[in-house]
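A.B. asks: Heads up: the sequence shown begins at 3 in the working numbering, then just goes up one per residue.
Positions of the beta carbon are idealized from the N, C-alpha and C atoms, including for glycine.
Input: one structure, supplied below.
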Amino acid sequence: MHPKQYITTVLALIACVAYAAHAADKHGHDHDHRPLHGGIVAEAGDLNYELVARPDSLTIYVTDHGKPVAATGARGTATVHSANEKTTAVLEPAGENKLSAKGSFKQGVGVRVAATVALAGKPEAKLNFRLK
3 MHPKQYITTV LALIACVAYA AHAADKHGHD HDHRPLHGGI VAEAGDLNYE
53 LVARPDSLTI YVTDHGKPVA ATGARGTATV HSANEKTTAV LEPAGENKLS
103 AKGSFKQGVG VRVAATVALA GKPEAKLNFR LK
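Right under this line is the structure:
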């Protein structure tokens with residue numbers, strides 16, 4: 003290969019890779035990730051899961067591009083991890099697009115919540131939230 007052809011080929015490949023990386027960064031991120039209920043948002047697949055953690059309840063709202071996703075037939079678990087305690091609760095459908103668990107749950111900085119949510123007809127989502 004001629005040196006000029008080699009340089010042209012390398013530059014063309016670099017341009018293609020840069021374009022692909024830029025396009026991949028934008029893919030699937032044309033929707034809003036802001037919390038709609040004052041909670042913390044995690045994404046799995048094309049869905050957003052918003053955790054609202056209170057001392058007496060955990061609620062996860064499910065949306066797709068800001069639109070509610072039916073929680074009918076959904077199931078899940080949530081495990082709250084604090085410095086020296088771990089509490090697991092079963093999440094059950096509790097309305098149009100939410101799952102909820104009642105109980106006594108730690109709050110505060112550094113508390114983590116690991117959740118799994120299985121919506122009807124969709125693969126199980128594994129979610130991690132860190133309370134602030």
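(1) Which same chain residues, not among the five before or five after Gly-97, have their C-beta less than 8 Å away from its C-beta?
(2) State the beta-bridge partners of Ala-120 as determined by DSSP.
(3) Just confirm the distance between the C-beta atoms of Leu-60 and Leu-49, as a whole number of angstroms; I'd bet it's less than 8 Å.
(4) How far does the beta strand (DSSP E) with Glu-94 in it extend, from its first residue to its last?
(5) Cβ atoms of His-67 and Ala-116: under 8 Å apart, would you say?
(6) Can you tell which of Ile-42, Leu-38 and Pro-37 has its C-alpha closest to the C-alpha of Lys-134?
(7) To which residues does DSSP link His-83 through a beta bridge?
(8) Report the three-state DSSP secondary structure of Lys-128 (helix, strand or coil).
(9) In terms of residues, what are the limits of the beta strand (DSSP E) holding Glu-45?
(10) Run the CB neighbour count on His-24, radius 10 Å, all protein chains shown included, and call it buried at 16 or more, exposed below.
(11) On the CB-based measure, 16 or more other CB atoms within 10 Å of its CB, does Val-111 come out buried or exposed?
(12) Considering only residues of the same chain and omitting the five flanking positions on each side of Ala-120, which have a CB-CB separation below 8 Å?
(13) Under 7 Å from any heavy atom of the ligand SAM, does the C-beta of Lys-134 make it?
C.D. replies: The structure says:
(1) Taking the sequence shown and counting its residues from 1, the one referred to as residue 97 is at position 95. Cβ neighbours of Gly-97 beyond the five flanking positions: Ala-73.
(2) Sequence index remark: in the sequence shown, residue 120 carries index 118 (1-based). Arg-77.
(3) On the sequence shown, position 58 is the one that residue 60 refers to. On the sequence shown, position 47 is the one that residue 49 refers to. Contact doesn't hold; Cβ gap of about 18 Å is too wide.
(4) Taking the sequence shown and counting its residues from 1, the one referred to as residue 94 is at position 92. Element bounds for Glu-94: 88-95.
(5) By 1-based counting over the sequence shown, the position of residue 116 is 114. By 1-based counting over the sequence shown, the position of residue 67 is 65. Cβ atoms of Ala-116 and His-67: not closer than 8 Å.
(6) In the sequence shown, residue 134 corresponds to position 132, counting from 1. It is Ile-42 whose Cα lies nearest to the Cα of Lys-134.
(7) As a working note, residue 83 is residue 81 in the sequence shown. According to DSSP, which records beta bridges pairwise, His-83 is partnered with Lys-88 and Arg-114.
(8) By 1-based counting over the sequence shown, the position of residue 128 is 126. In the structure shown, Lys-128 sits in a strand (DSSP, three-state: E or B).
(9) The residue labelled residue 45 in the question sits at position 43 within the sequence shown. Looking at the DSSP string, the run of the beta strand (DSSP E) that includes Glu-45 is 42-46.
(10) Counted from its first residue, the sequence shown places residue 24 at position 22. Annotation note: pLDDT 47 at His-24 (below 50); position unreliable, no value reported.
(11) Position 109 of the sequence shown holds residue 111. It counts as exposed.
(12) The sequence position of residue 120 within the sequence shown is 118, counting from 1. Only Ala-76, Arg-77, Gly-78, Glu-126 and Ala-127 meet the Cβ criterion.
(13) Looking for the ligand SAM in the displayed structure turns up nothing, as the structure carries no ligands at all.
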